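Heads up: the structure comes next, in structure tokens.
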Amino acid sequence: MLQLTYDTEQLARRVAARLGRKPEDLIRAALEREAKALGVSDELPAKRRMTATEMLAFGRKVAARPVLDPRTPQEIADDLNAL
């Protein structure tokens, strides 16, 4: 974890407050802009959504697992509704 000087942290907090953002988000955005300008942005992990095929494969994998709860589906629903 980075240790920021008091002045740097206060500056980040003031700018973030003025923009209505969290300091962490502000610092992250600034670093991403710098990385892109330096040509190192490709090293950042890309955020990717699962495809429908991947979701279905995941569902099949989960459905194949053994059921560890001996209660019937109705008993489970009743217990959840009691919360």
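1 is the number of the first residue of the sequence shown in the UniProt record's numbering; add one for each residue after it.
Yeah, the Cβ is synthetic: ideal placement off N, Cα and C, and Gly gets one too.
Since the model is a prediction, treat every value here as computed from it, not as a measurement.
So, helix, strand or coil for residue 62, using DSSP? Locating residue 62 in the sequence shown gives position 62, counting from the first residue. In the three-state scheme derived from DSSP, where H, G and I count as helix and E and B as strand, residue 62 is classed as helix.
Identify whether residue 50 lies in helix, strand or coil by the three-state DSSP scheme. Translated into positions along the sequence shown, residue 50 becomes position 50. In the structure shown, the three-state DSSP call for residue 50 is coil.
CA nearest to the CA of residue 27, picked from 70, 8 and 79: Locating residue 27 in the sequence shown gives position 27, where the first residue counts as 1. Relative to the Cα of residue 27, the nearest Cα in the group 70, 8 and 79 belongs to 8.
For residue 34, I'd like the list of residues in its chain whose CB is within less than 7 Å of its CB, leaving aside the five on either flank, ordered along the chain. Taking the sequence shown and counting its residues from 1, one reaches residue 34 at position 34. Excluding five sequence positions before and after residue 34, none of the CB atoms of its chain fall closer than 7 Å to its own CB.
Is the distance from the Cβ of residue 30 to the Cβ of residue 22 below 8 Å? Residue numbering aside, residue 30 sits at position 30 when the sequence shown is read from its first letter. Residue numbering aside, residue 22 sits at position 22 when the sequence shown is read from its first letter. No, the Cβ-Cβ distance between residue 30 and residue 22 is not below 8 Å.
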